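Numbering (our numbering), first residue to last: 38 to 274.
Presented below is the structure to which this report refers.
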């Protein structure tokens with residue numbers, strides 16, 4: 038089942054929406070492969086001066102555009118997922134029963150400020166669509182959550198106590214991506230593997246669950262944005 042188009046986001050996001058629309062859903066490594074930092078900074082600078090900039094005429098790479106979009110959320114005064122709700126999200130993620138857990142997360146999302154809620158729904162809907170092409174772009178919901186959760190939640194990595202919940206934070210964002218229909222469009226719960234992180238280990242000395250290194254494909258060559266790309270290849274408008 039295809040997702041309905043998300044509602045228009047707040048003005049800053051609606052304007053920056055012009056950036057990802059020139060990307061391709063099937064771009065391998067989308068949001069994982071780093072773009073040229075100079076190009077990314079230039080995109081942001083040009084956008085601040087003119088919201089109608091032409092990315093095609095700038096000849097920037099797909100990866101630079103994706104990086105600029107992520108930088109937008111990283112530069113917000115406060116994270117898109119409010120700090121005040123982080124404890125509730127973590128507690129909900131530990132609920133053993135899947136259905137009960139997802140309903141608890143859904144109720145917490147409803148507590149978002151209306152602007153945060155609309156933008157979050159927009160972003161998660163987009164990431165869900167990217168994940169649907171994972172056989173081509175190699176970006177599963179898990180991979181995308183690894184790329185986005187630090188930007189969306191902005192945790193304090195210098196806090197040692199935070200290390201014990203790192204995997205749960207990431208898994209919460211992964212769940213939102215996987216269950217996008219359920220959270221935002223009154224859809225059914227879909228069957229997935231490892232929907233959220235398991236509860237913390239019972240052994241007090243084991244603060245962090247062993248992490249299995251993410252198997253990534255060989256380095257990719259950034260793809261240049263081509264003028265002949267369709268108007269909205271990502272399908273997010």
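Don't be surprised by glycine CBs; every beta carbon is placed ideally from N, CA and C.
Predicted model, so just to flag it, every value in this text is computed and none were measured.
For residue i and residue j, what's the separation of their Cα atoms in angstroms?
i, j, result
"residue 117", "residue 94", "31 Å"
"residue 90", "residue 84", "6 Å"
"residue 122", "residue 145", "7 Å"
"residue 172", "residue 165", "13 Å"
"residue 229", "residue 120", "27 Å"
"residue 103", "residue 185", "11 Å"
"residue 170", "residue 196", "36 Å"
"residue 109", "residue 132", "33 Å"
"residue 105", "residue 183", "17 Å"
"residue 71", "residue 88", "23 Å"
"residue 220", "residue 92", "33 Å"
With a CB to CB cut of under 8 Å and the five nearest residues on each side skipped, what residues in its chain are close to residue i?
i, result
"residue 130", "138, 142, 205, 208, 209, 212, 233, 234"
"residue 101", "72, 73, 76, 77, 80, 259"
Is the distance from the Cβ of residue i to the Cβ of residue j below 7 Å?
i, j, result
"residue 62", "residue 167", "yes"
Against chain D, with Cβ distances strictly below 7 Å, would residue i count as a contact?
i, result
"residue 101", "In the structure shown, chain D does not exist; there is a single protein chain."
Could you spell out where the alpha helix (DSSP H) holding residue i opens and where it closes?
i, result
"residue 159", "151-168"
"residue 214", "203-215"
Beta-carbon within less than 7 Å of residue i's beta-carbon, same chain only, minus the 5 sequence neighbours each way: which residues are those?
i, result
"residue 188", "107, 110, 111"
"residue 223", "none"
Original post:
Would you say the region 150-157 touches the region 170-186, given that touching needs at least three Cβ pairs under 8 Å?
Top reply: Judged by Cβ distances under 8 Å, the region 150-157 makes no contact with the region 170-186, as fewer than three pairs qualify.
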